[in-house]
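Visitor: Can you keep this structure in mind? I'll have questions shortly.
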Amino acid sequence: MTDRQETILGFDPGKDKCGVAVMDGDRALLYHQVLLTAEVVAQISNLCQQYNVSRIVMGDQTTAKQWQQQLTAVFPNLPITLVDERYSSLQARDRYWQMYPPNFFTSLIPQGMRQPPRPIDDLVAIILIERFLGKHPDR
92 MTDRQETILG FDPGKDKCGV AVMDGDRALL YHQVLLTAEV VAQISNLCQQ
142 YNVSRIVMGD QTTAKQWQQQ LTAVFPNLPI TLVDERYSSL QARDRYWQMY
192 PPNFFTSLIP QGMRQPPRPI DDLVAIILIE RFLGKHPDR
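What follows is the structure, encoded as structure tokens:
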């Protein structure tokens, strides 16, 4: 039996910066931010307490194994699920323009050629949560 109110923390691991997002059981986005790697463990700890996180889903590519080991050591009772993150950066770039529509001049550039003006690792973390929920729709 699964818990429909499961609060999930999405984590896009990286070497210098990481994306973090939190989504509740109603699929409402509660938090998303790009963090420096030095800030990640402390911020995840804060978010777990603040939002009663019950699972971490993280991308399975860049530095995933090292981050999984580190997070498992710090949060031994929190399940960590690896999610396929292929093409998530491209999907996150499109998501950026959905969440933050371009101004008139930027909209004249074809969407596939536009670059978001900030890192989008947090949007990748959102997509990782959505991919997990897509494979586990009962959550």
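When we follow this note's numbering, the leftmost residue of the sequence shown carries the number 92, and every step to the right adds one. Glycine is no exception: its CB is placed at the ideal position from the N, C-alpha and C atoms. All figures in this text were calculated on a predicted structure; none of them were measured in a lab.
#1: Tell me which residue opens and which closes the alpha helix (DSSP H) that Q159 is part of.
#2: Between the alpha carbons of E187 and V165, how many angstroms are there, rounded?
#3: Among the residues of its own chain, which have a CB less than 7 Å from the CB of R184, if the five just before and after it don't count?
#4: Does the Cβ of G101 lie closer than 7 Å to at least one heavy atom of the ligand SAM?
#5: Can you list, in chain order, the residues of its chain with a C-beta nearer than 8 Å to that of S198? Leave out the 5 residues immediately preceding and following it.
#6: Grouping DSSP H, G and I as helix and E and B as strand, with all else coil, what is V144?
#7: Rounded to whole angstroms, what's the CA-CA distance from D94 to D117? Just pull it up for me.
#8: In terms of alpha-carbon separation, which member of G105, V215, A112 lies closest to T98?
Guide: In short, the structure shows the following:
#1: For this step, residue 159 is matched to residue 68 along the sequence shown. Run containing Q159: 155-165, per the alpha helix (DSSP H) assignment.
#2: Within the sequence shown, the letter at position 96 stands for residue 187. Within the sequence shown, the letter at position 74 stands for residue 165. The amino acid at residue 187 is misidentified as Glu; the sequence shows Tyr. If you take the alpha carbons of Y187 and V165, they lie about 31 Å apart.
#3: One-based indexing of the sequence shown puts residue 184 at position 93. These residues qualify, in order along the chain: P207, I211.
#4: The ligand SAM is absent from the structure shown, which contains no ligands of any kind.
#5: Position 107 of the sequence shown, counted from the first residue, corresponds to residue 198. Excluding sequence neighbours, S198 sits near P192.
#6: As a working note, residue 144 is residue 53 in the sequence shown. It is coil, neither helix nor strand.
#7: Against the sequence shown, residue 94 aligns to sequence position 3. Against the sequence shown, residue 117 aligns to sequence position 26. Only weak support exists for where D94 lies, its pLDDT of 49 falling under 50; the value from the coordinates is given anyway. If I take the Cα positions, the gap works out to 11 Å.
#8: Taking the first residue of the sequence shown as 1, we reach residue 98 at position 7. The shortest C-alpha separation from T98 is found at A112.
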